[in-house]
Structures are given as C-alpha cells and as structure tokens.
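For what it's worth, the numbering used here labels the leading residue of the sequence shown as 125, then goes sequentially.
Glycine is no exception: its CB is placed at the ideal position from the N, C-alpha and C atoms.
Take a look at the structure set out below.
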Amino acid sequence: MKNKRIIKWLLAALAIGFVIWLSRSVFNVNAEDLRSWILSFGLWAPLVYIIAYTIRPLIFFPASVLSIAGGLAFGAWMGTLYTIIGATLGAALSFYVAKTLGKSLVKKQWTGNAAKIQTQMEQNGFLYVLLFRFIPVINFDLISYLAAISKVRFVSFVTATFIGIIPGTFAYNFLGSSFVSGNPKIIAAAIAVFIIMTVVPILIRNRWTKKNKLEPGKTK
C-alpha cells in the first residue's frame, strides 16, 4: 500500500513537471501572439478565449498574460467581461481538481499556524477569498487550491472569486487595450489605473487584517 502511494505521488510529480515544461516551452508566447491567435477564430473568438481561460490553471499558463491578451483582443470592457467569465470558471475547475486530488490533505489534521489558517478559512472563507482576489498580484491559482484544501464552501468561493476579480481584471484588460490605441495619454491612464487597482486593495486588506485579528474558533 505504501509503495503504491509513493508511485502515485511520483507520477503526479512527473505530470506536474511535464505540464510546467509544456507551458514554458510550447506555450511560451507573448500577449500580442495570443491576441492574433484568439482573433483568428473570428466570431468564435470570445468563446475560444473563455475556454482557454477556463483550462488555463491546468497548464499553469500565466493569468496576467492571458488577461492582457484579452484586453488587446476585445477592448477594456468586453475583455473584462470575457475574462471574468473564464477566470471564474477556471477557478471553479481548480477548486474541484484540488478538492478531488487533495482528499488526503483535506482530511489531515493540521497543527500550529496551518491549523489556524485552516480554521479561519473554514469559518470566514468568503471574506478571505474576497480579500485575496482583490489583489491581482497574488497567485490566482494558489488561492483556489488553498481554499479547496481549507474546506471553503464552493458557493462562497465562487461568489467571492466573481466579485473579487472584477477590479484587477479591468485593470489588466484596460492596460492591454491601451497598447492597441497607441495613445500615450490612454496608456498612462491605464498604467495609473493598474497601479491604483493593485495598491489600494493591498492597503485595504492590511487595514482590515489589523482590525480583525481572528483567533481560531472566533467568527466575524
């Protein structure tokens, strides 16, 4: 039984390594190349983009690059809409995969700081996911996996994800669309919006954390 478990984890590690290599070698493209590829599908381009964003977590492709490509391809507003749909579906897929493959970790009794984080995530899953989603520079997929292992309810996770990614998604798509215009003023405005959408959520999160230092077993 122990040998089978070791083989299982080795195969999983090899699979992950292969996917990472694939994403960095075969799919090593920039936002401009992605834009051209997406638009090559014509009327089907929005659907292809949403599907690509949905499966993106499985190939470890950078969400930021795909978001900027969405802005380049569809503009700030429609790019934001398509990205929110695709990112929410992708997050749900990541959550499901982590929940399914990580059953042994979910059942494990954590101790120390890990136990504290797990308790807080279980009792305040919506707030924690929402706060982390507001910060676009934090690894998107890591939040999904951590939420699944911490037993955050699926509905709370998806709802918090959908709401929380709106500001950052618009920032990335606006930044991407600004490069298409070529207007220095629009590009400068997009960069300013991106900085604001990145810094302000961090400040809000830090302030919230200081005011709400939760202890295990305490709910808000």
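Rounded to the nearest angstrom, the Cβ distance from residue 197 to residue 163 is 6 angstroms, consistent with a contact under 8 angstroms. Ranked by how close their Cα comes to the Cα of residue 248, the residues 301, 219, 274, 179 have 274 in first place. CA-CA distance, residue 324 to residue 225, rounds to 35 angstroms.
Distance from the Cα of residue 293 is smallest, within the candidate group 264, 182, 220, for 264. CA-to-CA, the gap between residue 213 and residue 187 works out to about 13 angstroms. Taking one beta carbon from each stretch, the region 180-194 and the region 208-223 have 3 or more pairs nearer than 8 angstroms; the two touch.
Cα atoms of residue 308 and residue 287: separation of roughly 31 angstroms, rounded to the nearest angstrom. Between residue 170 and residue 206, the alpha-carbon positions lie close to 7 angstroms from each other.
Selection 221, 259, 267, 295 evaluated against residue 327 yields 259 as nearest (Cα-Cα). When 195, 252, 276, 222 are compared, the shortest CA-CA separation from residue 157 is found for 195. Residue 275: not part of any alpha helix (DSSP H); DSSP gives it neither H nor E. Around the beta carbon of residue 154, a 10 Å sphere encloses fewer than 16 other beta carbons of the protein chains shown; the residue is thus reported as exposed. Within the model, the alpha-carbon separation for residue 268 versus residue 256 is close to 10 angstroms. Between the alpha carbons of residue 317 and residue 300 lies a gap of roughly 12 angstroms.
Judged by DSSP in its simplified three-state form, residue 306 adopts coil rather than helix or strand.
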